Amino acid sequence: MSLRFFADHCVPVSAIRMLRDTGHEVLRLGDYIAADSPDQLVISKAQELDTILLSLNGDFADIVTYPPARHKGIVALQVRNHPEIIPQLLERLTAYFSAHDNMEHYSGRLLIAETHRIRSRG
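17 is the number of the first residue of the sequence shown in this note's numbering; add one for each residue after it.
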């Protein structure tokens, strides 16, 4: 089974390519709304499209502003101004997505993806 993602404008092309190469569907923000759209519009569009939001924007990891229970899933990539870790982070995510390839697994959850772990909230 494949997953459906909505990639925020800050998600690198390498991440989108990796997800597509492993059989997942990735919709790009710029194909649906303006790249500089407010966060609330971004998360709303992800919901409308029935996708998991994928973003490097740390605001989406704020469970007070974006309670996981209200969303179909959020994956927050924690790069922290170190783009050189992206390949390692993508490797970890690929393994996680392969092990958890059902959209229901992500509903109501926030995943915080770091190079050494993936934390789940919600």
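All C-beta atoms, glycine included, are put in the ideal place defined by N, C-alpha and C.
Note that the structure is a prediction, hence the values are computed from the model and not measured.
Problem set entry | Cross-strand partners of V42 (DSSP beta bridge) | On the sequence shown, position 26 is the one that residue 42 refers to. For V42, which the question treats as bridged, DSSP gives the partners F21.
For this session: Tell whether a beta-carbon distance below 8 Å holds between L127 and A92.
Result: By one-based count along the sequence shown, residue 127 stands at place 111. By one-based count along the sequence shown, residue 92 stands at place 76. Against a cut-off of 8 Å, the Cβ pair of A92 and L127 comes out as a contact.
Exercise. Is the CB-CB distance between Y122 and K88 below 8 Å?
Worked result: In the sequence shown, counting from the first residue as 1, residue 122 sits at position 106. In the sequence shown, counting from the first residue as 1, residue 88 sits at position 72. Closer than 8 Å, so yes.
Exercise. How close, in whole Å, do the beta carbons of R20 and I68 come, if the pair is a contact with beta carbons under 8 Å?
Worked result: In the sequence shown, residue 20 corresponds to position 4, counting from 1. In the sequence shown, residue 68 corresponds to position 52, counting from 1. Going by Cβ atoms, the distance from R20 to I68 rounds to 7 Å, so yes, they are a contact pair.
Problem set entry | Contacts around C26, its chain only, beta-carbon distance under 8 Å, and the 5 residues preceding and following it disregarded | By 1-based counting over the sequence shown, the position of residue 26 is 10. Excluding sequence neighbours, C26 sits near S71, L72, N73.
For this session: Express the C-alpha separation of F76 and G138 in angstroms, rounding to a whole number.
Result: Position 122 of the sequence shown, counted from the start, is the residue given in the question as residue 138. Position 60 of the sequence shown, counted from the start, is the residue given in the question as residue 76. So the alpha carbons of these two residues sit roughly 13 Å apart.
Problem set entry | Below-8 Å beta-carbon distance, S114 vs any chain B residue | Any reference to chain B falls outside this structure, which holds one protein chain only.
For this session: With DSSP as the reference, label V91 as helix, strand or coil.
Result: As a first step, residue 91 is located in the sequence shown; it is residue number 75 there, counting from the start. Three-state result, V91: strand.
For this session: Identify, in the order they occur along the chain, each residue of the same chain with its Cβ nearer than 8 Å to the Cβ of P103, setting aside the five sequence neighbours on each side.
Result: Working through the sequence shown from its first residue, we reach residue 103 at position 87. S30.
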